[in-house]
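Protein chains in written order, with my numbering: chain A, 2 to 60; chain B, 15 to 503.
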């Protein structure tokens, strides 16, 4: 049922998934968002929303 | 494996059939920031800034633009860019893990196909209005509203977009490269003309164009809601862009430069133009702002930019539709598929030309869907899967995968989607603008996002884990299988 191309395609998919499984097994994932990123993002959002509201949006 | 076969599989990964490896991704921080900004600075920023001016003056308008866009962009990017940027997986393939294989197809139709059809009609009508204003400028006549020239121009734009999309994207990719800088030049020129007539203090003190309510808090929150909707409107697209970025951090932060920062600047210029020139219609500003010469050039560029945007979204939507719909649709000829896709936008132009002037209503309706989708995505990725997605489950055939759920649909995620959509309409009806007092301090998108996420999380913990749906781990413990190890099914 499976042609040579299908077999090779499945092998390619498996190779790609395995690459991510190996990354996942490491203690650190290169370039992943850290707790510091999430804290910075939360602070940035709060400052932008509160700042914009009090400087101009307060109806 | 031969080199040509490797090349073929790499192309296949680029198209979204398989995950892109980190080494295959093309964008660093600034590359994605530029692409993201070019996407953001399109004719839709004119429409969103103009719509904001209907409800609030420039001072409150800038505030609404900042608040709405930052909330919408962060929630949309958190639910799409983080998983897609981490695993290099195509967005709607990734969605199988929460909606099921058929459920993700349904979400594609609802969020991309419907959205694209609406945008095609709106941008087509903008082309028609640009032609009508050009005629007004040249012949010194009065603009014709939704007259025959506008309709004919809109239909012509849709037909041209379809013809170009049928021929492939090469020409339009080249055009796209010059459109964003041209629109920035038009915005700078608009700001120059406005600053010649009004001081900054006068600008900020301008009144809103058509505030529908006496209560300023409601008008302000509608303006915020329009901009949250603008931020959320990127939900169907940014996941697939972020998978091209080198890592997760690069896939996330540039969104704050492009679809937040650049879009907010463009919308602010448009807000000033609308407030000072007395119209929310961008084609009218080009006619009124800087005389005949500027008007002709700006309207010509506006029409071209619209056409380019139409071809881009049409091409992308039909490619995705073919990818997801299976063999039956793949066997339909490309040209026929494009032509069929354009039938509904043509009908919208003919039967509902008011969609252009009431553009924000269409935009806000899409937010009722996108906010719920973002809520479900955040609950699933962060709280249920704890940022670990099993790619073997996602790419397994339907019969063999835990993400088959119930006949390919996850009823829990779909129920959460309905709940989020319903609460949105109860809190704020986009069609009539009817709202509850809760809306004036909480918006409608945030309750929708929160409720959809809570329903998805609660019912998944209660039912899906027990039924073995979705490969979710039990409790909060990290399940080795959910992380992908040893799951060779």
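Where is the CB? At the ideal position from N, CA and C, for every residue including glycine.
8 Å contact criterion, which residue i and residue j should meet: CB distance rounded
| i | j | result |
| --- | --- | --- |
| residue 390 of chain B | residue 436 of chain B | Rounded, the Cβ-Cβ distance is 14 Å, inconsistent with contact. |
| residue 290 of chain B | residue 212 of chain B | 6 Å |
| residue 103 of chain B | residue 33 of chain B | 5 Å |
| residue 243 of chain B | residue 377 of chain B | 5 Å |
| residue 79 of chain B | residue 278 of chain B | 5 Å |
Residue i, DSSP secondary structure in three states
| i | result |
| --- | --- |
| residue 449 of chain B | strand |
| residue 259 of chain B | strand |
| residue 356 of chain B | coil |
| residue 423 of chain B | strand |
| residue 442 of chain B | strand |
| residue 41 of chain B | strand |
| residue 299 of chain B | helix |
| residue 370 of chain B | coil |
| residue 223 of chain B | coil |
| residue 410 of chain B | coil |
| residue 157 of chain B | coil |
| residue 179 of chain B | helix |
Cross-chain neighbours of residue i in chain B, by beta carbon under 9 Å
| i | result |
| --- | --- |
| residue 50 of chain A | 80, 81, 84 and 85 |
| residue 53 of chain A | 76, 77, 78, 79, 80, 81 and 84 |
Extent of the continuous alpha helix (DSSP H) run through residue i
| i | result |
| --- | --- |
| residue 135 of chain B | 128 to 153 |
| residue 36 of chain B | Taken as a continuous stretch (DSSP letters only), residue 36 of chain B belongs to no alpha helix (DSSP H), as it is neither H nor E. |
| residue 19 of chain A | 5 to 26 |
| residue 43 of chain A | 36 to 53 |
| residue 22 of chain B | 17 to 29 |
| residue 321 of chain B | 305 to 339 |
| residue 293 of chain B | No alpha helix (DSSP H) holds residue 293 of chain B; DSSP gives it neither H nor E. |
| residue 230 of chain B | 230 to 246 |
| residue 124 of chain B | Per DSSP, residue 124 of chain B belongs to no alpha helix (DSSP H) and is neither H nor E. |
| residue 216 of chain B | 214 to 218 |
| residue 81 of chain B | 72 to 101 |
| residue 67 of chain B | 57 to 69 |
| residue 466 of chain B | 459 to 473 |
C-alpha gap between residue i and residue j, whole angstroms
| i | j | result |
| --- | --- | --- |
| residue 123 of chain B | residue 384 of chain B | 13 Å |
| residue 172 of chain B | residue 361 of chain B | 11 Å |
| residue 256 of chain B | residue 98 of chain B | 6 Å |
| residue 116 of chain B | residue 424 of chain B | 9 Å |
| residue 18 of chain A | residue 47 of chain B | 28 Å |
| residue 24 of chain A | residue 35 of chain B | 11 Å |
| residue 205 of chain B | residue 292 of chain B | 15 Å |
| residue 26 of chain B | residue 109 of chain B | 19 Å |
| residue 202 of chain B | residue 196 of chain B | 10 Å |
| residue 138 of chain B | residue 34 of chain A | 40 Å |
| residue 301 of chain B | residue 200 of chain B | 12 Å |
| residue 456 of chain B | residue 4 of chain A | 57 Å |
| residue 474 of chain B | residue 309 of chain B | 56 Å |
| residue 91 of chain B | residue 260 of chain B | 16 Å |
| residue 167 of chain B | residue 272 of chain B | 31 Å |
8 Å Cβ cut-off: residues of chain B touching residue i
| i | result |
| --- | --- |
| residue 27 of chain A | Residues of chain B passing the Cβ test: none, with the nearest at roughly 12 Å. |
| residue 42 of chain A | 88 |
Closer than 9 Å at the beta carbon, the chain A residues around residue i
| i | result |
| --- | --- |
| residue 269 of chain B | Under the 9 Å cutoff, chain A gives no residues; its nearest Cβ is about 11 Å from residue 269 of chain B. |
| residue 33 of chain B | 14, 17, 18, 20 and 21 |
| residue 211 of chain B | Near residue 211 of chain B there are no residues of chain A at all, since even the closest Cβ is about 22 Å away, more than 9 Å. |
Proximal chain B residues relative to residue i, where beta-carbon distance stays under 7 Å
| i | result |
| --- | --- |
| residue 32 of chain A | 260, 261, 262, 263 and 264 |
| residue 96 of chain A | Past the boundaries of the shown model lies residue 96 of chain A; chain A is included only from 2 to 60, so the question cannot be answered. |
Residue i: contacting residues in chain A (beta-carbon distance under 8 Å)
| i | result |
| --- | --- |
| residue 23 of chain B | 9, 10 and 13 |
| residue 110 of chain B | In chain order: nothing, as chain A lies at least about 14 Å away. |
| residue 488 of chain B | In chain order: nothing, as chain A lies at least about 19 Å away. |
| residue 421 of chain B | Correct list: empty, because the minimum Cβ distance to chain A is about 24 Å. |
beta-carbon residue i near the ligand COA non-hydrogen atom, thresh 6 Å
| i | result |
| --- | --- |
| residue 413 of chain B | Of the ligands one can find in the structure shown there are none, so the ligand COA has no counterpart to examine. |
Under 7 Å by beta carbon: chain A residues contacting residue i
| i | result |
| --- | --- |
| residue 19 of chain B | 9 |
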